[in-house]
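Visitor: So that we are looking at the same thing, I have put the structure below in structure tokens.
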Amino acid sequence: MTMKRILLTAIVLLSSLLANAQVETIAGKWQTIDDKTGELKSLVQIFKATNGKYYGKVLELYKDKDAVCSKCEGENHNKPIVGMMVVRDMVIDGDVMRGTILDPASGKVYYATLSLEGSSKLKVRGSLDKKGFIGRTQYWKRSK
């Protein structure tokens, strides 16, 4: 191998490791923000499970603390939103995480991508399609 090729390979590997390390810092507590009113809605804990995937659980609702997911189907139907797993099966894909997200207000599950914008802002994109073309974006802020 030439020196240029070795150097290029090292740079690519290092960049990949740094991107994954940054994405993994998504784990933690995040305050969700209503994208229409700008008000704080809930506190979500994102964590890495033993299967290597990331999940997010609602720890607290700031307004209707005893709300249930009346529009959810299956196991979440009429269950309390506090304690509910709303982010599921997130896996690292370059500089984002991909999986699904549940909107308790509508009861619908969407494809989702999570990516950091700085150390305290999380871009959450929920969409109808895996590519993320048809959907909406919210920004969550890291809880201190």
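Numbering-wise, the working numbering puts 179 at position 143 of the sequence shown, and it's gapless, one number per residue. Heads up, the beta-carbon is just placed ideally off N, CA and C, and yes, glycines get one too.
In the structure shown, what three-state DSSP assignment does G92 receive?
Guide: Position 56 of the sequence shown, counting from 1, holds the residue named residue 92. It is a strand residue.
Visitor: Using only CA atoms, which one of K101, L150, T136, N87 lies nearest to T61?
Guide: On the sequence shown, residue 61 is found 25 positions in, with the first residue counted as 1. Minimum Cα distance to T61 is reached at L150.
Visitor: Report buried or exposed for L138, applying the criterion of at least 16 other Cβ atoms within 10 angstroms of its Cβ.
Guide: For the purposes of this step, residue 138 is taken as the residue at position 102 of the sequence shown. By the neighbour-count rule (16 or more Cβ atoms within 10 Å), L138 is buried.
Visitor: If you count every other CB in all the chains shown that lies within 10 Å of the CB of T68, and 16 or more means buried, which is it?
Guide: Mapped onto the sequence shown, residue 68 falls at position 32. When all chains shown are included, T68 counts as buried.
Visitor: Let's test the definition: count the other Cβ atoms within 10 Å of the Cβ of I170 and tell me whether it reaches 16, buried, or not, exposed.
Guide: Here residue 170 is taken as the residue at index 134 of the sequence shown, counted from 1. The residue in question, I170, is exposed, as its Cβ has fewer than 16 Cβ neighbours within 10 Å.
Visitor: Are there three or more Cβ pairs, one per stretch, closer than 8 Å when the stretch 79-96 is compared with the stretch 105-113?
Guide: With a cut-off of 8 Å, the stretch 105-113 and the stretch 79-96 do not count as touching, because too few Cβ pairs lie within range.
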